[in-house]
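A.B. asks: So that we are looking at the same thing, I have put the structure below in structure tokens.
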Amino acid sequence: MIEQLLTEAKNACRTFQMVDTDTKIQALHAIAQKLIDQQDRILQANQKDIAQAKENGISAAMMDRLLLSPQRIQEMSEGVRMVAHLSDPIGQVIREMDRPNGLRIKQIRIPIGTVGVVYEARPNVTVDIAAICIKTNNVCILKGGKEAYYSNMALAQVMQEAIADILPVSPIYMIDAIDHEVVTELITDREHVDVIIPRGGKGLIQHVVQNAKVPVIETGAGLCHLYVDKEADIDMALQIAQNAKLQRPSVCNAIETILVHTDVAKEFLTRLAPMFAKVQVFGDARSLQYIPGEMATKENYATEYDDYKINIKVVDSMNEAIEHIYTYSTKHSECIVTKDDKRAQYFMDALDSACVYQNASTRFTDGGQFGFGAEVGISTQKLHARGPIGLSEMCSTKYEIYGNGQIRE
């Protein structure tokens, strides 16, 4: 069904990998400006998706993930410009060796090639991925979710128009279909697709991981934790909890569970209760003494809500908190709030999540916030890429070997 598109994308790689830095920067600035110029067109398309989402009864938190506004389009445009200004990783020398036989060996960064991305209802992802792929000389093949169909198509068309007279080939391919069969075709076509990156909920990610024949960079569901230590500054802990859960609960770097040391549980939870009055709370017996809610189950602690819901548990020690995180975490982002730097370092060293914070909201796990301009996703696997996937993570490497007639004896 999409074989022709995949073939065209693969063929485009050979030409696009030769595009120079200045041309890529010009293309990215053209996209950034076109997004602003075509704002009304993009917002009209987004309103079609919003209207359809309302008919389907999508939650308020998920609606927020789908919604575009002039401010969000401005932020997308600024993100593209930030990517344009970042150092070009392609051709960077990672290491260089001079061998005793006179050979000079360089390991350099190169494009991956064709990057297939399957994602759900966040239209800004369309722009983020395209920008990063252009800067890294990769060709992207995008398959967005049906919830954002009109928004994704409009954004892709606007970007393609912006770069039509600048780049020799288009590096942006949007799959214009909503059926699941095309996903299967995309993730199993090893001949034309070099890597697949799923970005979305646990169901989507696991479907891709379990069924792909193409190599996968696994982005993780965001079951993130906040641990309020016995040495915590309670005012700070409350501020971080509020930001990490309530600023934008639908995103993967929002917390789903708060673990509280028993020594500070009463003060922290009593003060948290009015702040979380509109949040559905699932807690253990001890936490429910101080904050209204329902008794939590193992299933609650294993659930990424992406909504105004939170799990709470009182723990007797930091090690108990660490054990809980190992049991339920998706290895995305965790935070400890404490004034004791030694305790913080123990917590941070003990965990193997992609991002571990001391005294800061998990909402900072984001390519833009890390200075990457944008991101393809948050990788929770341990091979090749981990954490926000930016420019360097979207590169492979090769060796260039220079000689003057050497032969192996």
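Residue 145 in UniProt numbering sits at position 145 of the sequence shown, and the numbers go up by one each step.
Even glycine gets a Cβ: it sits at the ideal position worked out from N, Cα and C.
Nothing here was measured: the structure is a model prediction, and the numbers come from that model.
#1: Using 8 Å as the threshold, is the segment 381-401 in touch with the segment 108-127, meaning 3 or more CB pairs across them?
#2: Considering only C-alpha positions, which residue in the set Gln242, Phe16 and Gly405 is nearest to Ala277?
#3: Count the other CB atoms, across all protein chains shown, that sit within 10 Å of the CB of Glu161; report buried if there are 16 or more and exposed otherwise.
#4: Nearest-angstrom Cα distance between Leu186 and Asp176?
#5: Could you spell out the range, first to last residue, of the alpha helix (DSSP H) harbouring Thr23?
#6: Grab me the residues of Pro168's own chain with a C-beta within less than 6 Å of its C-beta, minus the 5 sequence neighbours each way, in chain order.
#7: Tell me the rounded alpha-carbon separation between Val279 and Ala273.
#8: Tell me whether Asp306 is buried or exposed, calling it buried when 16 or more other Cβ atoms sit within 10 Å of its Cβ.
#9: Can you list, in chain order, the stretches of the beta strand (DSSP E) that have 3 or more residues and sit fully within the segment 69-130?
#10: Within the same chain, show all residues whose beta-carbon is closer than 6 Å to that of Ser250, passing over the 5 residues directly before and after it, in chain order.
#11: Here's a check: name, in chain order, each residue in its chain whose Cβ is nearer than 7 Å to the Cβ of Gln17, leaving out the five neighbours to either side.
#12: Classify Ser77: buried if its beta carbon has 16 or more other beta carbons within 10 angstroms, exposed otherwise.
#13: Can the beta-carbon of Ala131 be found less than 7 Å from the beta-carbon of Val83?
#14: On the DSSP bridge assignment, give the partners of Lys313 in chain order.
#15: Since Tyr227 contacts Ala164 with CB under 8 Å, what's their CB separation in whole angstroms?
#16: Out of Val93, Gly220 and Ser170, point me to the one whose CA is closest to Gln206's CA.
#17: Would you list, in sequence order, the uninterrupted beta strand (DSSP E) runs of no fewer than 3 residues that lie entirely inside the segment 275-315?
#18: Which value, in whole angstroms, describes the spacing of the CA atoms of Ile217 and His384?
#19: Which residues in the same chain have their Cβ closer than 7 Å to the Cβ of Lys230, if we skip the five residues on either side of it in sequence?
#20: For the structure I just gave you, are there three or more beta carbon pairs, one from the segment 354-361 and one from the segment 186-203, closer than 8 Å?
#21: Hey, could you find the ends of the beta strand (DSSP E) Ile196 is sitting in?
#22: Using a Cβ-Cβ cut-off of 6 Å (strictly less than) and excluding sequence neighbours within five positions of Lys213, which residues of its own chain qualify?
#23: Going by other Cβ atoms of all chains shown within 10 Å of its Cβ, with 16 needed for buried, is Pro70 buried or exposed?
#24: My understanding is that Gly373 touches Leu86, with C-beta atoms under 8 Å, so please give their C-beta distance in whole angstroms.
#25: Roughly how far, in whole angstroms, is the beta-carbon of Lys339 from the beta-carbon of Asp179, given that I think they are within contact range, below 8 Å?
#26: So, do the segment 325-338 and the segment 361-371 have three or more beta carbon pairs nearer to each other than 8 Å?
#27: Excluding sequence positions up to five away, which residues of its chain have a Cβ less than 7 Å from the Cβ of Thr114?
#28: Indicate whether Glu256 and Glu304 have their beta-carbon atoms separated by less than 7 Å.
#29: Using a Cβ-Cβ cut-off of 8 Å (strictly less than) and excluding sequence neighbours within five positions of Gly293, which residues of its own chain qualify?
#30: For Ala45, which of Gly145, Thr21 and Tyr149 has the nearest alpha-carbon?
#31: Give every residue of the same chain whose Cβ lies closer than 8 Å to the Cβ of Arg41, excluding the five residues on either side of it in the sequence, and list them in chain order.
C.D. replies: Here's the rundown:
#1: yes
#2: Gln242
#3: exposed
#4: 13 Å
#5: Thr21 to Asp37
#6: Thr15
#7: 9 Å
#8: buried
#9: 93-98, 104-111 and 114-119
#10: Ala61, Met62, Asp64, Arg65 and Asp306
#11: Pro111 and Asn137
#12: buried
#13: yes
#14: Leu259
#15: Going by Cβ atoms, the distance from Tyr227 to Ala164 rounds to 51 Å, so no, they are not a contact pair.
#16: Gly220
#17: 280-283 and 309-315
#18: 8 Å
#19: His261, Asp263 and Val264
#20: no
#21: Val195 to Arg199
#22: Thr188 and Arg190
#23: exposed
#24: 6 Å
#25: About 54 Å separates the two Cβ atoms, so there is no contact after all.
#26: yes
#27: Ala9, Lys10, Cys13, Val139, Ile141, His192, Val193 and Asp194
#28: yes
#29: Gln280, Val281, Phe282, Gly283, Ser287 and Ile312
#30: Tyr149
#31: Ala154 and Val158
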